[in-house]
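All remarks here apply to the structure that follows.
In UniProt numbering, the protein residues as written are 1 to 92.
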């Protein structure tokens, strides 16, 4: 494994320790990568050779990006919708 792959594996492990739900982590990273690609500034100091995915994972691992379940409204959701857990990322 090269150093970039090792770095990504370490960042992924650290980010999963914070988020714990892989599907949520994928959504958070994807959303943050899109924001970074559109010109958003990193929330942390990063080496210039890092890609957007590495930056997003590091931001999550350091607790700069968090998430919480969205409260479900009992009367306004169908049974299909209420069986899913809605997630909201706290992004700048």
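Note that beta-carbon positions come from the ideal geometry of N, C-alpha and C, so glycine has one too.
query                                                                                    : result
Residue ranges of each beta strand (DSSP E) within the stretch 28 to 70, 3 or longer     : 66 to 69
Contact set for residue 29: own chain, Cβ-Cβ below 8 Å, skip 5 residues either direction : 15, 53, 56, 57 and 60
Cα-Cα separation, residue 72 to residue 64                                               : 25 Å
Inter-residue spacing [alpha-carbon to alpha-carbon] between residue 7 and residue 62    : 15 Å
Terminal residues of the alpha helix (DSSP H) in which residue 8 lies                    : 3 to 19
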